[in-house]
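Residue numbers (my numbering): 51 to 580.
Heads up, the beta-carbon is just placed ideally off N, CA and C, and yes, glycines get one too.
It should be emphasised that the depicted structure is a prediction, and the values quoted were computed from it without experimental measurement.
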């Protein structure tokens, strides 16, 4: 290998490196110069842009300033206009106020002038009044002296003492006042009666229209049918042992007479009578009639009837929508199913009264539920009045008092026949509903003997007042016509007799519904022409 080759190679490498370095330096120089030129160019551009933006900002500021000046002037003008308008309105208001004040001042001055004139007139009237008072006082003294003189002269002429004259005058005044008071009572009573009758008629008609019941009255039958008259001997038994055992077990009287096909059961207690009726009917149906069977069947029927009474009482309470009743109260209500009054079933009557009480109470603006409770329980004492002393109102009230019934209910039960004064409005409501239910057509029946006795008692009460000539009960006892002596009784006293007779009937008799008392006074002048 040539020894000069490495040297040549090294020389070439050196030249190549130098070339590269020189080229790089030149490139860097050119790049630096280019970047410098580019920076200057950008700086010039930024300076031009800044100048442009500054000019634009100055232009916008001038425009904004001018706009603000214009707006400020506009607002100033508006404020001036508003201030001018407000000042104008205030001036108008002040002028109107000044006019009103001036007018009011004129009015006040006029009133002051009027008051001054009235004061002057009042002073004049006061002087006249004082003069008139003195004149009246003088005349009173003269009248008193004249009255004393006249009294002394009258006493001398009549030959009477002052006491006798006073008694005579008072007696005459008494008769005159009695006559005037009778006329006044007649007028007031007539007006009150007309108004009360009209209002009561409306309420009663409404109550009757809203509640309608059966036309015919339910009756409790205390007779048992038998298939043949031979069965009567079996009912009686050998030497009467069957009928004695039956009467002992049931507490009733069994009547076996010649009536074909019937055996009668008699007892005051309706429940006891019903137990006996069912037991006897069951015995006759079964055919086995002996003391042992009688006691067994009677006990069974008694249990059935008691359970039926309780269920009936519950159904009645549900039908009347009454809650909170004690079990014993429900049992007594059920027992009323077998109790009648003049043929009217007492339980149905109690339900009728309950519904009628609610209708009347609603019309009067009272508590309908409380009125319904009073009506349902008003005759509850009839279920036990045969076991206790006293009438059924007192017995029923004492019974319900044990179960903490309200005072209104107790007063309605005890006072629905006016035995005690009414302390609540529900008592007269129960009385009215009780009369409506009892007096409706077909509700009750009455025996001929009791009917005649009631009419006779009615006529006797009507004949008690002085001046009565005759009294006649008409319309099945619904009206009593009283004929008075026209010479002894005037028109005003006839009204008093009518009221006295009505009051006597209320106090002494028990009757369904109401009784009209009509007093007739007639003057007849008869002459004969010949």
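6 Å Cβ shell around residue i - same chain, five flanking residues per side excluded
i           : result
residue 91  : none
residue 442 : 431, 432, 435
residue 515 : 547, 550
residue 387 : 362, 397
residue 533 : 519, 520, 570
residue 330 : 274
residue 375 : 367
residue 165 : none
Reduced DSSP secondary structure (H/G/I, E/B, other) of residue i
i           : result
residue 570 : strand
residue 381 : helix
residue 474 : coil
residue 142 : helix
residue 577 : coil
Residues of its chain near residue i, where Cβ-Cβ distance is below 7 Å and the 5 sequence neighbours each way are ignored
i           : result
residue 268 : Residue confidence for residue 268 is low, a pLDDT of 38 falling below 50, so the modelled location carries little weight; the figure read from the coordinates is stated next. For residue 268, where only same-chain residues beyond five positions count, the Cβ hits under 7 Å are 395, 398.
residue 505 : 523, 527
residue 311 : 275, 276
residue 286 : 292, 293, 306
residue 302 : 315, 316, 317, 322, 323, 326
residue 479 : 407, 410, 411, 421
residue 477 : 461, 462, 465, 466
Cutoff 8 Å; reference residue i; Cβ partners in own chain excluding five residues on either side
i           : result
residue 450 : 379, 427, 430, 459, 460, 463
residue 249 : none
residue 262 : Note that residue 262 has pLDDT 49, beneath the 50 cutoff, so the model's placement of it is unreliable and the number below is only indicative. There are no such residues.
residue 347 : 329, 332, 333, 336
residue 342 : none
Segment limits, alpha helix (DSSP H) that includes residue i
i           : result
residue 345 : 341-369
residue 324 : 320-336
Span separating the alpha-carbon of residue i from that of residue j
i           : j           : result
residue 235 : residue 243 : 11 Å
residue 408 : residue 418 : 4 Å
residue 325 : residue 377 : 21 Å
residue 575 : residue 221 : 32 Å
residue 291 : residue 384 : 33 Å
residue 445 : residue 438 : 7 Å
residue 355 : residue 370 : 22 Å
residue 199 : residue 225 : 28 Å
residue 314 : residue 321 : 15 Å
residue 193 : residue 186 : 10 Å
residue 140 : residue 128 : 18 Å
residue 126 : residue 106 : 30 Å
residue 245 : residue 455 : 35 Å
residue 230 : residue 538 : 17 Å
residue 190 : residue 182 : 12 Å
residue 372 : residue 403 : 13 Å
residue 98  : residue 111 : 20 Å
residue 184 : residue 178 : 10 Å
residue 169 : residue 196 : 40 Å
residue 241 : residue 552 : 18 Å
residue 162 : residue 176 : 21 Å
residue 43  : residue 172 : With the chain covering 51 to 580 only, the question about residue 43 has no answer from this structure.
residue 143 : residue 152 : 14 Å
Segment limits, beta strand (DSSP E) that includes residue i
i           : result
residue 397 : Where residue 397 is concerned, there is no enclosing beta strand (DSSP E), although the alpha helix (DSSP H) it sits in stretches over 396-414.
residue 305 : 303-305
residue 315 : 312-316
| query | Can you list, in chain order, the stretches of the alpha helix (DSSP H) that have 4 or more residues and sit fully within the stretch 496-559? | reply | Listed in chain order, they are 498-512, 541-558.
| Continuous beta strand (DSSP E) assignments of at least 3 residues falling wholly in the stretch 270-300 | Entirely contained in the stretch 270-300, the beta strand (DSSP E) runs reaching 3 residues are, in chain order, 273-275.
| Enumerated in chain order, which unbroken segments of the beta strand (DSSP E) with a length of 3 residues or greater are wholly contained in the stretch 415-487? | The qualifying runs do not exist here; there are none.
| Unbroken stretches of the alpha helix (DSSP H), 4 residues or longer, contained in the stretch 155-232 | The stretch 155-232 is shown to contain no whole alpha helix (DSSP H) run of 4 or more residues.
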